[in-house]
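Notes follow once the structure below has been shown.
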Amino acid sequence: MGMKNRKFWPHHVLKSGFLMLVVLAVIVTLSYY
Amino acid sequence: MIGKIYDWLDHRTGIKKLVTDKLEYPIPDHVNFFYCFGGLSFFIILLQVVSGFVMLFYYTPTPEKALESVNYLSTEVPYGWLIRNMHRWAATLLVAMIFFHITSVFLHRAFRNPRELNWLSGLLMGLVVILFSVTGVILPWDWKSYWDLTIWADFIGTWPFFGHALRDLLLVNFAVGRSFVIHVWALPLVTIILLWVHFKMVKKHGISGPL
Numbered sequence: 227m228g229m230k231n232r233k234f235w236p237h238h239v240l241k242s243g244f245l246m247l248v249v250l251a252v253i254v255t256l257s258y259y
Numbered sequence: 072m073i074g075k076i077y078d079w080l081d082h083r084t085g086i087k088k089l090v091t092d093k094l095e096y097p098i099p100d101h102v103n104f105f106y107c108f109g110g111l112s113f114f115i116i117l118l119q120v121v122s123g124f125v126m127l128f129y130y131t132p133t134p135e136k137a138l139e140s141v142n143y144l145s146t147e148v149p150y151g152w153l154i155r156n157m158h159r160w161a162a163t164l165l166v167a168m169i170f171f172h173i174t175s176v177f178l179h180r181a182f183r184n185p186r187e188l189n190w191l192s193g194l195l196m197g198l199v200v201i202l203f204s205v206t207g208v209i210l211p212w213d214w215k216s217y218w219d220l221t222i223w224a225d226f227i228g229t230w231p232f233f234g235h236a237l238r239d240l241l242l243v244n245f246a247v248g249r250s251f252v253i254h255v256w257a258l259p260l261v262t263i264i265l266l267w268v269h270f271k272m273v274k275k276h277g278i279s280g281p282l
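Residue numbers (this note's numbering), protein chains in the order written: chain A, 227 to 259; chain B, 72 to 282.
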């Protein structure tokens, strides 16, 4: 299928790290109010 | 300099191989946004461990002192209110994340052979999360906790055959002290075991196919 099968690091770690930051920001914002 | 330290450490611990094993395995390209909910659930569980651990320093698990200690944490301790609110909101978001994770796994048909046990361990963890929230709500021992326990006890009392016995057991045994032990010791232990099984099997079977 012509897949590149990118390695977990750094591609997926950075992407999921960004999502984790978003989740953390949502939790902190909700907690603040 | 850092390379030297790394080499020194690797010579004694073999850390390079560990890091390579954990970080360099390939992930199929069809992985997209809908595969993130399991990992985010785990991230929120880690947040719960940290915020819960901080609150352990201030909480007193007795009916007389529980609310007082929670109020002290919320009003006197620097950022105690933030830690407590984060624990509460993260719990709510965890339920949402788990719901999305289950839905995604279901729609990808990732529960089928050979992943049945992974599906089962995940559902068990869902049950554990419900038990976490039931015991966690009781801990501050304010009016909400009191009525929550009352509602659960009444509900369980309506179950056939063993309902009454179970309700009495709950009311006699499940006040603040024991809820605390279950919330802080028993359930985390069960969660660690189930998570370990869950992750081991994800690694073994790999990520499931595209839709």
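Beta carbons are placed, not taken as given, at the ideal position from N, Cα and C, and that holds for glycine.
- [ ] Please determine, among Pro134(B), Trp230(B), Val200(B), Lys215(B), the residue with the shortest C-alpha to C-alpha distance to Ala257(B).
- [x] Stepping through the second sequence from its first residue, residue 257(B) is reached at position 186. Considering only alpha carbons, the answer is Val200(B).
TODO: Express the C-alpha separation of Tyr130(B) and Phe226(B) in angstroms, rounding to a whole number.
DONE: By 1-based counting over the second sequence, the position of residue 226(B) is 155. By 1-based counting over the second sequence, the position of residue 130(B) is 59. For Phe226(B) and Tyr130(B), the distance between alpha carbons rounds to 29 Å.
Task: As assigned by DSSP and simplified to three states, the class of Pro97(B) - done: Position 26 of the second sequence holds residue 97(B). Reduced to three states, the DSSP call for Pro97(B) is strand.
TODO: For the alpha helix (DSSP H) holding Thr133(B), just list the boundary residues, first then last.
DONE: Along the second sequence, one-based indexing puts residue 133(B) at 62. Note, Thr133(B): premise wrong, no alpha helix (DSSP H); not H, not E.
Open item on the list: Let me confirm a value: Tyr106(B) is counted as buried when at least 16 other C-beta atoms fall within 10 Å, else exposed. Which label applies?
Closed with: Indexing the second sequence from 1 puts residue 106(B) at position 35. Answer is buried; the Cβ neighbour count reaches 16.
Open item on the list: Please list, in chain order, the chain B residues whose beta carbon lies closer than 9 Å to that of Phe234(A).
Closed with: To locate residue 234(A), count along the first sequence from 1; it is residue 8. By Cβ distance, chain B contributes Lys93, Leu94, Glu95, Tyr96, Pro97, Ile98.
Open item on the list: Pop quiz: Trp190(B) and Val176(B) are said to be a contact at Cβ under 8 Å. What is the actual Cβ separation, rounded to whole angstroms?
Closed with: In the second sequence, counting from the first residue as 1, residue 190(B) sits at position 119. In the second sequence, counting from the first residue as 1, residue 176(B) sits at position 105. Yes, Trp190(B) and Val176(B) are in contact; Cβ-Cβ is about 7 Å, under 8 Å.
TODO: Buried or exposed for His237(A), please, with buried defined as at least 16 other CB atoms from any protein chain shown within 10 angstroms of its CB.
DONE: On the first sequence, residue 237(A) is found 11 positions in, with the first residue counted as 1. His237(A) is exposed by the Cβ-count criterion.
Task: Lys75(B) beta carbon near the ligand GDP (any heavy atom closer than 6 Å) - done: Absence of the ligand GDP from the depicted structure is noted, as is the absence of any ligand whatsoever, leaving it without description.
Open item on the list: Let me check one thing: in DSSP terms, what residues is Lys233(A) bridge-paired to?
Closed with: If you number the first sequence from 1, residue 233(A) lands on position 7. Lys233(A) pairs with Pro97(B).
Open item on the list: Report the CB separation of Leu282(B) from His179(B) in whole angstroms; it is logged as a contact under 8 Å.
Closed with: Position 211 of the second sequence, counted from the first residue, corresponds to residue 282(B). Position 108 of the second sequence, counted from the first residue, corresponds to residue 179(B). About 6 Å; that satisfies the 8 Å criterion.
Task: Same chain, Cβ closer than 6 Å to Ile253(B), neighbours up to 5 away in sequence not counted - done: The residue given as residue 253(B) occupies position 182 in the second sequence. Closer than 6 Å at Cβ, skipping near neighbours: Thr206.
TODO: Check whether the Cβ of Val248(A) lies closer than 7 Å to any Cβ atom in chain B.
DONE: The residue labelled residue 248(A) in the question sits at position 22 within the first sequence. Not an interface residue.
TODO: For Phe203(B), count neighbouring Cβ atoms within 10 angstroms of its own Cβ and tell me buried if that reaches 16, exposed if not.
DONE: Locating residue 203(B) in the second sequence gives position 132, where the first residue counts as 1. Looking at its Cβ environment, which holds 16 or more other Cβ atoms inside 10 Å, Phe203(B) is buried.
Open item on the list: At the level of alpha carbons, what is the spacing between Tyr96(B) and Arg232(A)?
Closed with: As a working note, residue 96(B) is residue 25 in the second sequence. As a working note, residue 232(A) is residue 6 in the first sequence. In a straight line, the C-alpha of Tyr96(B) is about 8 Å away from that of Arg232(A).
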